[in-house]
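In my numbering, the protein residues as written are 7 to 287.
Glycine included, C-beta positions come from ideal geometry on N, C-alpha and C.
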């Protein structure tokens, strides 16, 4: 029996087993390099460009700049507050004093406010509130006197057994107030769209105005060329156009030649034939 010849391999051919092994090795290498090891480095792609922060660029640098707003006065030239005369606080308990008695003895209270201490239309003396505004752990007395004219806020502090007026400020009738820590804030509607916030802080002698801020509230004011125009109303009926009045016949001059009327042109459309009734036999 003749021996079986081995299959003849083409030049450059790769065995199938070798190809399969190569594919497995490449797959394992891809998994090894594509998976990031814990705590190792991984390629996250190209880094994003860093955008520098915007800077101020004047439109017309040759023009002078507006001056900064003036800081509010802190009462440097004011005299230190003096105790309310002829008044002592028994037991050094500021919450036990009568607020009307304090206002009646305070020489800084105006004549209109003194009238509010009695009975007048539109007058009111608010019940006092007690908050620590000096940071010493003891409360201060805060009250408001409403008159038909001004509305005034008063703040008193206790020094031993005497009361010192540390703030007297006129406010808008619809104002509101709040305390943040030991700071006093007053909120006043100075217009239909603006509210003014005043910040008062203890300076060791009195409650001084720290800063004041105007901020918009609610809807914005109307802008544009239609501001102040009345609202649109229902459209009024448009009257019918006037009928033209018949003009009088024109008079011709005696020697004028009046053209004769032109005969009517025959119609180009065919007319239907006239059918006569048939005579009876």
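I'd like to know whether the C-beta atoms of residue 151 and residue 161 end up nearer to each other than 8 Å. Along the chain shown, one-based indexing puts residue 151 at 145. Along the chain shown, one-based indexing puts residue 161 at 155. For residue 151 and residue 161, no; Cβs fall outside 8 Å.
Please identify the residue among 194, 188 and 190 whose C-alpha is closest to the C-alpha of residue 182. Here the question's residue 182 lines up with position 176 in the chain shown. Ranking the options by Cα distance to residue 182, first place goes to 194.
With distances taken between CB atoms, is the gap from residue 134 to residue 149 smaller than 8 Å? If you number the chain shown from 1, residue 134 lands on position 128. If you number the chain shown from 1, residue 149 lands on position 143. Contact: yes.
Alpha helix (DSSP H) segment containing residue 118, residue limits: Taking the chain shown and counting its residues from 1, the one referred to as residue 118 is at position 112. Unbroken alpha helix (DSSP H) run through residue 118: 117–122.
Identify, in the order they occur along the chain, each residue of the same chain with its Cβ nearer than 7 Å to the Cβ of residue 115, setting aside the five sequence neighbours on each side. Residue numbering aside, residue 115 sits at position 109 when the chain shown is read from its first letter. Taken in chain order, the residues that qualify are 109.
Can the beta-carbon of residue 222 be found closer than 8 Å to that of residue 199? Taking the chain shown and counting its residues from 1, one reaches residue 222 at position 216. Taking the chain shown and counting its residues from 1, one reaches residue 199 at position 193. Inclusion of residue 222 and residue 199 in the CB contact set at 8 Å is warranted, their separation being smaller than that value.
Using C-beta distances below 8 Å, list every residue in its chain close to residue 180, excluding the 5 sequence neighbours before and after it, in chain order. Counting from one through the chain shown, the residue named residue 180 turns up at place 174. Around residue 180: 194 and 195.
When the distance is taken between beta carbons, is residue 123 closer than 8 Å to residue 111? Along the chain shown, one-based indexing puts residue 111 at 105. Along the chain shown, one-based indexing puts residue 123 at 117. No, the Cβ-Cβ distance between residue 111 and residue 123 is not below 8 Å.
Let me confirm a value: residue 125 is counted as buried when at least 16 other C-beta atoms fall within 10 Å, else exposed. Which label applies? The residue you call residue 125 lines up with position 119 of the chain shown. It counts as exposed.
From residue 132 to residue 68, what distance separates their C-alpha atoms? Against the chain shown, residue 132 aligns to sequence position 126. Against the chain shown, residue 68 aligns to sequence position 62. About 55 Å.
Cβ-based burial, residue 100 [other Cβ within 10 Å; buried from 16]: Within the chain shown, numbered from 1, the residue matching residue 100 stands at position 94. Residue 100 should be labelled buried.
Per the DSSP calculation, residue 202 is bridged to which residue(s)? Against the chain shown, residue 202 aligns to sequence position 196. BP columns for residue 202 point to 194 and 220.
Beta-carbon spacing of residue 156, residue 118 below 8 Å: Your numbering for residue 156 matches position 150 in the chain shown. Your numbering for residue 118 matches position 112 in the chain shown. Cβ atoms of residue 156 and residue 118: closer than 8 Å.
Does the separation of the CB atoms of residue 87 and residue 171 fall below 8 Å? Counted from its first residue, the chain shown places residue 87 at position 81. Counted from its first residue, the chain shown places residue 171 at position 165. Cβ atoms of residue 87 and residue 171: closer than 8 Å.
Roughly how many whole angstroms lie between the Cα atoms of residue 212 and residue 61? Looking up residue 212 in the chain shown gives position 206. Looking up residue 61 in the chain shown gives position 55. Taking the straight line joining both Cα atoms gives about 41 Å.
Is residue 220 near residue 202, with beta carbons less than 8 Å apart? As a working note, residue 220 is residue 214 in the chain shown. As a working note, residue 202 is residue 196 in the chain shown. Going by C-beta atoms, residue 220 is nearer than 8 Å to residue 202.
Minimum C-alpha distance to residue 136 - residue among 85, 52, 190 and 175: By 1-based counting over the chain shown, the position of residue 136 is 130. Comparing Cα-Cα distances from residue 136 to each of 85, 52, 190 and 175, the minimum goes to 190.
Could you give the residue range of the alpha helix (DSSP H) that holds residue 108? In the chain shown, counting from the first residue as 1, residue 108 sits at position 102. Per DSSP, residue 108 belongs to the alpha helix (DSSP H) from 105–111.
What does a CB cutoff of less than 8 Å around residue 105 pick up in its chain, not counting 5 residues either side in sequence? Position 99 of the chain shown, counted from the start, is the residue given in the question as residue 105. For residue 105, where only same-chain residues beyond five positions count, the Cβ hits under 8 Å are 131, 133, 134, 147 and 149.
Within its chain, find whatever has a CB closer than 8 Å to the CB of residue 96; leave out the 5 residues flanking it on each side and keep chain order. The residue given as residue 96 occupies position 90 in the chain shown. Closer than 8 Å at the Cβ level, and outside the excluded window around residue 96, lie 102 and 167.
Please determine, among 169, 209, 187 and 120, the residue with the shortest C-alpha to C-alpha distance to residue 91. Mapped onto the chain shown, residue 91 falls at position 85. Taking only the C-alpha atoms, the option nearest residue 91 is 169.
Closest to residue 174 by C-alpha separation, out of 165, 192, 186 and 187, would be which residue? The sequence position of residue 174 within the chain shown is 168, counting from 1. Of the listed residues, the one whose Cα sits closest to residue 174 is 192.
Which residues in the same chain as residue 185 place their Cβ atom closer than 8 Å to its Cβ, once the five residues preceding and following it in sequence are excluded? As a first step, residue 185 must be located in the chain shown, where it is residue number 179. If we look at residue 185 and ignore the five residues flanking it on each side, its Cβ neighbours are 137, 139 and 191.
Considering only DSSP beta bridges, list what residue 49 is partnered with. The residue you call residue 49 lines up with position 43 of the chain shown. Paired residue(s): none; residue 49 is not in a bridge.
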